[in-house]
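Under our numbering, the first residue of the sequence shown is numbered 7, with each subsequent residue one higher.
Ideal Cβ positions, reconstructed from N, Cα and C, are used throughout, including at glycine.
Being a predicted model, the structure only gives us computed values, none of them experimental.
Shown next, in C-alpha coordinates, is the structure this report addresses.
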Amino acid sequence: MVALMAVLALSACARDTAPQLMNLRSATNGPDEFGIVPPKALELPSDMAALPPPTPGQANRTDPTPRADAIAALGGDVARTARGDTRLMTHVARFGVAPDIRETLAVEDLEYRRKNNGRVLERLFKVTVYYRAYAQQALDPQAELAHWRALGLPTPSAPPAGAAAELAKRK
7 MVALMAVLAL
17 SACARDTAPQ
27 LMNLRSATNG
37 PDEFGIVPPK
47 ALELPSDMAA
57 LPPPTPGQAN
67 RTDPTPRADA
77 IAALGGDVAR
87 TARGDTRLMT
97 HVARFGVAPD
107 IRETLAVEDL
117 EYRRKNNGRV
127 LERLFKVTVY
137 YRAYAQQALD
147 PQAELAHWRA
157 LGLPTPSAPP
167 AGAAAELAKR
177 K
(Lines of atoms letter the chains of each structure in order from A and count residues from 1; the text may use other names and numbers.)
(Lines give C-alpha, C1' and ligand atoms only; values in the text may rest on other atoms or scores of the structure.)
Protein backbone atom coordinates (compact mmCIF):
# COMPACT_ATOMS: atom_id res chain seq x y z
CA MET A 1 0.00 0.00 0.00
CA VAL A 2 2.87 2.38 0.88
CA ALA A 3 4.61 1.59 -2.40
CA LEU A 4 1.39 2.31 -4.33
CA MET A 5 0.98 5.65 -2.54
CA ALA A 6 4.61 6.55 -3.31
CA VAL A 7 4.14 5.77 -7.02
CA LEU A 8 0.96 7.86 -7.13
CA ALA A 9 2.65 10.75 -5.34
CA LEU A 10 5.60 10.71 -7.73
CA SER A 11 3.40 10.43 -10.80
CA ALA A 12 1.57 13.58 -9.69
CA CYS A 13 4.87 15.45 -9.97
CA ALA A 14 5.10 14.89 -13.73
CA ARG A 15 5.51 18.01 -15.83
CA ASP A 16 6.85 19.26 -19.16
CA THR A 17 10.19 17.96 -20.36
CA ALA A 18 11.66 21.50 -20.34
CA PRO A 19 12.14 22.97 -16.87
CA GLN A 20 10.40 26.33 -16.40
CA LEU A 21 12.49 28.49 -14.10
CA MET A 22 10.79 31.81 -14.76
CA ASN A 23 8.32 32.06 -17.57
CA LEU A 24 7.39 35.64 -18.41
CA ARG A 25 5.24 34.66 -21.36
CA SER A 26 1.71 33.61 -20.71
CA ALA A 27 0.84 30.08 -21.74
CA THR A 28 -2.90 30.76 -21.42
CA ASN A 29 -5.36 32.29 -23.86
CA GLY A 30 -6.01 35.23 -21.54
CA PRO A 31 -4.44 38.68 -21.80
CA ASP A 32 -0.69 39.03 -21.37
CA GLU A 33 0.00 41.76 -18.83
CA PHE A 34 3.60 42.08 -20.05
CA GLY A 35 2.44 42.74 -23.59
CA ILE A 36 0.38 45.82 -22.72
CA VAL A 37 2.16 49.10 -23.44
CA PRO A 38 0.16 52.23 -22.60
CA PRO A 39 0.12 55.09 -25.14
CA LYS A 40 2.06 58.28 -24.57
CA ALA A 41 0.26 61.27 -23.08
CA LEU A 42 -1.51 63.65 -25.43
CA GLU A 43 0.09 67.05 -25.74
CA LEU A 44 -0.92 70.23 -27.49
CA PRO A 45 1.76 71.38 -29.95
CA SER A 46 2.86 75.01 -29.89
CA ASP A 47 2.13 75.39 -33.61
CA MET A 48 -0.86 73.57 -35.11
CA ALA A 49 0.55 74.10 -38.63
CA ALA A 50 3.57 71.96 -37.68
CA LEU A 51 1.41 68.86 -37.22
CA PRO A 52 1.93 66.22 -39.91
CA PRO A 53 -1.07 65.20 -42.01
CA PRO A 54 -2.90 62.10 -40.77
CA THR A 55 -1.71 58.87 -42.36
CA PRO A 56 -4.08 55.95 -41.78
CA GLY A 57 -2.28 52.82 -40.68
CA GLN A 58 0.95 54.66 -39.88
CA ALA A 59 2.49 55.60 -36.53
CA ASN A 60 1.38 58.71 -34.70
CA ARG A 61 2.90 60.90 -31.99
CA THR A 62 1.25 59.03 -29.11
CA ASP A 63 2.25 55.54 -30.23
CA PRO A 64 4.47 53.79 -27.67
CA THR A 65 8.12 53.42 -28.60
CA PRO A 66 9.45 51.10 -25.87
CA ARG A 67 12.79 50.45 -27.57
CA ALA A 68 13.57 54.14 -28.09
CA ASP A 69 12.33 54.95 -24.58
CA ALA A 70 14.62 52.29 -23.09
CA ILE A 71 17.61 53.59 -25.07
CA ALA A 72 16.92 57.14 -23.87
CA ALA A 73 16.40 56.00 -20.26
CA LEU A 74 19.76 54.22 -20.30
CA GLY A 75 21.49 57.36 -21.57
CA GLY A 76 21.81 56.34 -25.21
CA ASP A 77 21.34 58.41 -28.33
CA VAL A 78 18.08 57.31 -29.96
CA ALA A 79 18.89 58.90 -33.34
CA ARG A 80 22.32 57.28 -33.50
CA THR A 81 20.92 53.89 -32.52
CA ALA A 82 18.15 54.15 -35.11
CA ARG A 83 20.73 54.77 -37.86
CA GLY A 84 22.83 51.90 -36.63
CA ASP A 85 26.36 52.20 -35.36
CA THR A 86 28.45 50.60 -38.11
CA ARG A 87 31.67 50.85 -36.09
CA LEU A 88 30.06 48.97 -33.21
CA MET A 89 28.64 46.30 -35.51
CA THR A 90 32.02 45.90 -37.23
CA HIS A 91 33.76 45.51 -33.87
CA VAL A 92 31.19 43.04 -32.55
CA ALA A 93 31.34 40.90 -35.69
CA ARG A 94 35.15 40.96 -36.00
CA PHE A 95 35.48 37.26 -35.11
CA GLY A 96 32.50 36.18 -37.19
CA VAL A 97 28.80 35.88 -36.59
CA ALA A 98 26.95 32.65 -35.87
CA PRO A 99 23.66 32.77 -37.81
CA ASP A 100 22.06 30.20 -35.48
CA ILE A 101 23.14 31.80 -32.19
CA ARG A 102 19.59 31.98 -30.80
CA GLU A 103 18.99 28.28 -31.37
CA THR A 104 22.41 27.39 -29.95
CA LEU A 105 21.83 29.46 -26.81
CA ALA A 106 18.33 28.01 -26.38
CA VAL A 107 19.71 24.45 -26.46
CA GLU A 108 22.57 25.32 -24.07
CA ASP A 109 20.23 27.11 -21.66
CA LEU A 110 17.75 24.23 -21.68
CA GLU A 111 20.55 21.82 -20.80
CA TYR A 112 21.75 24.17 -18.03
CA ARG A 113 18.22 24.44 -16.62
CA ARG A 114 17.80 20.66 -16.67
CA LYS A 115 20.97 20.33 -14.59
CA ASN A 116 19.81 23.06 -12.17
CA ASN A 117 16.10 22.37 -11.89
CA GLY A 118 15.84 22.20 -8.10
CA ARG A 119 15.56 19.64 -5.40
CA VAL A 120 12.69 17.17 -5.05
CA LEU A 121 10.64 19.26 -2.61
CA GLU A 122 11.23 22.44 -4.63
CA ARG A 123 9.87 20.71 -7.71
CA LEU A 124 7.02 19.16 -5.72
CA PHE A 125 5.87 22.53 -4.33
CA LYS A 126 6.80 24.47 -7.50
CA VAL A 127 9.30 26.76 -5.75
CA THR A 128 11.27 28.85 -8.22
CA VAL A 129 14.97 28.07 -8.34
CA TYR A 130 15.72 30.73 -10.96
CA TYR A 131 17.81 33.02 -8.77
CA ARG A 132 19.88 30.22 -7.26
CA ALA A 133 20.39 28.51 -10.64
CA TYR A 134 21.75 31.67 -12.27
CA ALA A 135 23.49 33.15 -9.20
CA GLN A 136 26.99 32.45 -10.57
CA GLN A 137 26.14 34.37 -13.75
CA ALA A 138 24.66 37.43 -12.01
CA LEU A 139 26.51 40.75 -11.90
CA ASP A 140 26.85 42.90 -8.81
CA PRO A 141 25.51 46.25 -10.08
CA GLN A 142 27.42 48.35 -7.54
CA ALA A 143 30.73 46.61 -8.30
CA GLU A 144 30.18 47.09 -12.04
CA LEU A 145 29.33 50.76 -11.48
CA ALA A 146 32.53 51.25 -9.46
CA HIS A 147 34.55 49.43 -12.13
CA TRP A 148 33.32 51.59 -15.01
CA ARG A 149 33.59 54.82 -13.03
CA ALA A 150 37.16 53.91 -12.01
CA LEU A 151 37.98 53.64 -15.71
CA GLY A 152 36.65 57.17 -16.17
CA LEU A 153 33.81 56.11 -18.45
CA PRO A 154 30.45 57.88 -18.23
CA THR A 155 27.68 56.07 -16.43
CA PRO A 156 24.58 58.19 -17.09
CA SER A 157 22.21 55.63 -15.58
CA ALA A 158 23.17 53.72 -12.48
CA PRO A 159 21.34 51.49 -10.01
CA PRO A 160 20.65 53.12 -6.66
CA ALA A 161 22.91 51.98 -3.83
CA GLY A 162 21.41 49.07 -1.91
CA ALA A 163 18.87 48.20 -4.62
CA ALA A 164 20.28 44.70 -5.09
CA ALA A 165 20.22 44.01 -1.36
CA GLU A 166 16.65 45.28 -1.09
CA LEU A 167 15.57 43.10 -3.99
CA ALA A 168 17.25 40.06 -2.43
CA LYS A 169 15.37 40.67 0.84
CA ARG A 170 12.02 40.65 -0.95
CA LYS A 171 12.65 37.19 -2.40
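Reduced DSSP secondary structure (H/G/I, E/B, other) of residue i
{"i": "Ile42", "result": "coil"}
{"i": "Val103", "result": "coil"}
{"i": "Leu142", "result": "A small correction: the amino acid at residue 142 is Gln; Leu does not occupy that position in the sequence shown. The answer is helix: DSSP assigns Gln142 an H, G or I state."}
{"i": "Ala47", "result": "coil"}
{"i": "Thr110", "result": "helix"}
{"i": "Asp115", "result": "helix"}
{"i": "Arg86", "result": "helix"}
{"i": "Ala12", "result": "helix"}
{"i": "Arg67", "result": "coil"}
Residue i burial status per 10 Å Cβ neighbour count (16 or more: buried)
{"i": "Gly124", "result": "buried"}
8 Å CB neighbourhood of residue i in its chain, flanking five on each side removed
{"i": "Trp154", "result": "Thr161"}
{"i": "Pro45", "result": "Thr68, Asp69 and Pro70"}
{"i": "Ala79", "result": "Ser163"}
{"i": "Thr110", "result": "Ala104"}
Segment limits, alpha helix (DSSP H) that includes residue i
{"i": "Ala79", "result": "Pro72 to Ala79"}
{"i": "Leu127", "result": "Val126 to Leu130"}
{"i": "Pro147", "result": "Pro147 to Ala156"}
{"i": "Asp94", "result": "Note that residue 94 is Leu in the sequence shown here, rather than Asp. Its alpha helix (DSSP H) spans residues Thr92 to Val98."}
Contacting residues, own chain, Cβ-Cβ under 6 Å from residue i (five flanking each side not counted)
{"i": "Ala85", "result": "none"}
{"i": "Glu150", "result": "none"}
Reference residue i; option with closest CA among the options
{"i": "Tyr118", "options": "Ala141, Gly102 and Gly82", "result": "Ala141"}
{"i": "Leu48", "options": "Asn66, Ile107, Leu10 and Glu114", "result": "Asn66"}
{"i": "Leu16", "options": "Gly36, Arg108, Met54 and Leu130", "result": "Leu130"}
{"i": "Leu43", "options": "Glu114, Met54 and Pro72", "result": "For the record, residue 43 in the displayed sequence is Val; it is not Leu. Per the Cα distances, Pro72."}
7 Å CB neighbourhood of residue i in its chain, flanking five on each side removed
{"i": "Pro51", "result": "Leu57"}
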